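To start, the structure itself, in structure tokens.
In this note's numbering, the protein residues as written are 63 to 182.
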């Protein structure tokens, strides 16, 4: 599956739904972002059941600002509308694959219970 360009217009629809979404916040002038791009694209082809989206922080400054993105690239993993991971830095392919595997293993029912308890 190819990556999807995420904008403020389609972000909630693509990321807020059920399933797992990886979001790459990037910019065309960013060297590490350009190095990470083929790793991210390759993972999208190996995991067709996962949505891979890219946010161009130059074109989507409001969206990047809403998530407090101050360093790029920043990778975010959202599952069933819950952010499980958000860290700056380009990952090598093995680390990205391991991260995807760990995100798949998360018990989302347990996460929702913990979030509900925190909100009380």
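Positions of the beta carbon are idealized from the N, C-alpha and C atoms, including for glycine.
All of these numbers come straight from a predicted model, not from anything done at the bench.
Asked                                                                                                            : Found
Alpha-carbon to alpha-carbon, residue 137 and residue 173                                                        : 20 Å
Reduced DSSP secondary structure (H/G/I, E/B, other) of residue 140                                              : strand
Spatially closest choice to residue 142 from 65, 74 and 69, by CA coordinates                                    : 74
Runs of alpha helix (DSSP H) lying entirely within the stretch 116-164, each at least 4 residues, in chain order : 123-128
Inter-residue CB distance, residue 140 and residue 85 (contact presumed, cutoff 8 Å)                             : 7 Å
Residue 154 beta carbon less than 9 Å from that of residue 83                                                    : no
CA nearest to the CA of residue 122, picked from 88, 114 and 107                                                 : 88
DSSP-derived helix/strand/coil call for residue 74                                                               : helix
In DSSP terms, what residue 86 is bridged to                                                                     : 116 and 137
Range of the contiguous alpha helix (DSSP H) that encloses residue 101                                           : 93-108
CB-CB length for residue 106 against residue 114, believed under 8 Å                                             : 4 Å
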